[in-house]
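Read the structure below first, then the notes.
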Amino acid sequence: MNKLTLKLELDLDFKLLGITCQLKDYRLCYHINKFTGLQLAKTEDHEVDYLNKQILFFSRYIFIPPMAETEYYLLANRGINGGFLIPEMRGADYFFLIRNFIDDENFATLHHAISGIKDVLTATEIEPHKLKSKENLVF
Numbered sequence: 012m013n014k015l016t017l018k019l020e021l022d023l024d025f026k027l028l029g030i031t032c033q034l035k036d037y038r039l040c041y042h043i044n045k046f047t048g049l050q051l052a053k054t055e056d057h058e059v060d061y062l063n064k065q066i067l068f069f070s071r072y073i074f075i076p077p078m079a080e081t082e083y084y085l086l087a088n089r090g091i092n093g094g095f096l097i098p099e100m101r102g103a104d105y106f107f108l109i110r111n112f113i114d115d116e117n118f119a120t121l122h123h124a125i126s127g128i129k130d131v132l133t134a135t136e137i138e139p140h141k142l143k144s145k146e147n148l149v150f
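Residue numbers for the sequence shown, in our numbering: 12 to 150.
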């Protein structure tokens, strides 16, 4: 009997920043809103079924401007009940994810604004397709 193998490819059509800082999620969200003009707001936590053993919850903020396709998300890397959203990026406290269209100039402006927040130690662009746990960013 022939064996059929299916290969699934994830849609990783987004830009990603890893943010390291000592701020609580709501304080970081406040500063991002203040310095970028976005209106990120708390939404239900992002759920990840970790190795089919435990469901982990990660704080999530979202902003979808009216009449636009772009979506902005701020996700905590540390779970509310333990664990990491992206275990291989333990140094990052948060991920700023931008879905759908954003040009390089607008992304650079956002990156610069977030890097300029006083309590942000680093904000580094990450290539999602290079992450081992990239499926945790698909929702």
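All residues carry an ideal CB built from backbone N, CA and C; glycine is no exception.
Item to check | Minimum C-alpha distance to Phe68 - residue among Gly90, Glu138, Ser144 and Arg101 | outcome: Gly90
Checklist entry - Which residues share a DSSP beta bridge with Gly29? => result Phe106 and Thr135
Checklist entry - Tell me the DSSP bridge mates of Leu85? => result Tyr72 and Phe107
Checklist entry - So what's Ile43 in DSSP terms, helix, strand or just coil? => result helix
Checklist entry - Is Tyr84 closer than 7 Å to Ile30 when the C-beta atoms are compared? => result no
Checklist entry - With distances taken between CB atoms, is the gap from Ser70 to Ala52 smaller than 7 Å? => result no
Checklist entry - How many angstroms separate the CA atom of Thr119 from the CA atom of Lys45? => result Here residue 119 turns out to be Ala, not Thr, going by the sequence shown. Answer to the nearest angstrom: the Cα atoms are 17 Å apart.
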